[in-house]
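Each residue of the sequence shown is one higher than the last, beginning at 4 in the numbering used here.
For each residue, glycine too, the CB sits at the ideal point set by N, CA and C.
Take a look at the structure set out below.
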Amino acid sequence: MPFKEGDLVVFLDHQDRSFRKVLKEHGRLQTHRGFIDHRDLFGKESGSAVRTSKDKEFYVFYPTLVDYTMNMPRMSGIVYPKDAAYMLMWGDIFPGARVVTGGVGSGALILALTRQVGTTGCVFGYDVRQDMLDHAAQNVSELFGEVPPQLTLKIGNLYREIEEDSIDTVMLDVPEPWEVVRPAAKVMKPGGVFVAYCPTIRQVDILTQELRSSTSFGLVDTVEILVRSWHVRERSVRPNHRMVGHTGFVTIARRIIRVRPPVEALEPEAEFSEETTTSDTLNE
Ligand SMILES: C[S@@+](CC[C@H](N)C(=O)[O-])C[C@H]1O[C@@H](n2cnc3c(N)ncnc32)[C@H](O)[C@@H]1O
């Protein structure tokens with residue numbers, strides 16, 4: 004579909020710098036590498052190369068979800084795409100899933116969830132702040148053209164109550180996710196997935212203790228996603244010198260039905276796990 008006035012686009016250069024713009028008849032992208040008049044793009048296809056007034060090359064695209072998320076206006080920290088990708092997969096978000104999430108914040112995670120559940124699913128996004136919900140609604144509308152029917156943005160405190168039921172996945176980015184363990188247990192389907200994004204390990208520690216002592220959750224696990232990009236040029240093939248050192252941790256647990264009290268609450272964890280023993284044996 005050729006570009007026209009009113010389209011949301013991203014300009015990307017060879018060093019992965021990106022600029023997000025809505026195309027206007029008299030609009031201009033101004034950079035230190037020269038300017039591009041928006042009207043020069045009208046009629047061109049997504050992915051077209053254009054040159055600035057200083058003869059530098061940019062490519063212009065309709066934004067992918069990653070392009071959009073990384074360039075959208077923010078009022079809060081966001082869940083970055085590398086973590087969101089893992090959370091969608093391990094949270095088992097499928098077309099038709101019923102998902103409760105919060106805090107909505109700037110809406111980065113909401114965008115990924117809304118797209119993944121599709122038109123047959125439901126995402127219920129909670130936040131305690133109306134200004135955050137309004138801001139997220141703007142970001143969602145700009146990308147999807149509206150707040151799609153599968154997304155409900157609502158004011159509410161997840162620590163107190165979740166109003167929906169038969170929930171497949173609860174996915175959190177709130178300061179005290181351990182406060183949501185009990186409300187989540189009440190509304191989740193057995194076998195469902197609890198996912199929490201925590202920027203600090205202290206949050207992970209408290210959350211893990213709460214999940215392990217709960218009779219409703221098991222198989223608690225925490226990961227950190229480190230992405231290392233590589234420099235691949237002729238004979239110089241090596242990791243790039245810079246990488247993002249830290250964003251957050253992702254803790255996952257399954258909604259279970261116990262017949263006995265949680266083992267973890269009774270016994271200290273064994274020093275050598277089965278996993279360690281197996282890999283040691285393999286290495287011998
Ligand atoms: C870091 S932001 C979330 C960012 C969001 N995940 C994103 O990707 O854009 C945290 C949000 O949690 C909200 N919040 C804090 N406590 C909450 C609670 N008890 N229930 C619901 N939302 C809460 C805050 O208002 C804030 O908007």
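Is Arg205 near ligand 1 - that is, is its Cβ less than 7 Å away from at least one heavy atom of it? no
Work out the CA separation of Gly195 and Glu213 for me, nearest whole Å. If you take the alpha carbons of Glu213 and Gly195, they lie about 17 Å apart.
Span separating the alpha-carbon of Leu285 from that of Thr34: With a pLDDT of 45 at Leu285, under the threshold of 50, the modelled position of this residue cannot be trusted; read the value that follows with caution. The alpha-carbon atoms of Leu285 and Thr34 are separated by roughly 56 Å.
Comparing the CB of Pro84 with every heavy atom of ligand 1, is any distance shorter than 7 Å? no
Find the nearest neighbour of Arg261 within the set Ala188, Thr225, Ser232, judged by alpha-carbon distance. Nearest option by C-alpha distance: Ala188.
Leu222: which of Gly108, Arg258, Ala88 sits nearest, CA to CA? Nearest option by C-alpha distance: Arg258.
Output the boundary residues of the beta strand (DSSP E) element that contains Ser51. 51 to 54
Nearer than 7 Å: is that true of the beta carbon of Ser79 relative to any heavy atom of ligand 1? yes
Exposure of Gln206, with buried meaning 16 or more beta-carbon neighbours within 10 Å: buried
Quick check: does the Cβ of Tyr129 come within less than 7 Å of any heavy atom belonging to ligand 1? yes
Apart from the five residues on each side of it in sequence, which residues of its chain come closer than 8 Å, Cβ to Cβ, to Thr117? Val126, Val143, Phe147, Pro151, Gln153, Leu154
With DSSP run on the structure shown, which of helix, strand or coil describes Thr34? strand
In whole angstroms, give me the CA-to-CA distance for Met174 and Glu145. The alpha-carbon separation between Met174 and Glu145 amounts to approximately 23 Å.
Go ahead and pull the three-state DSSP assignment for Met3. Here the chain covers residues 4 to 287 and nothing more, so residue 3 does not appear.
Alpha carbon to alpha carbon, what distance is there between Met73 and Ala52? Each residue's Cα considered, the two are about 21 Å apart.
Quick one: residues in its chain with C-beta nearer than 8 Å to the C-beta of Val240, no 5 flanking neighbours on either side, listed in chain order? When the five nearest sequence neighbours on each side are left out, the beta carbons in the same chain lying within less than 8 Å of the beta carbon of Val240 are those of Trp233, His234, in order along the chain.
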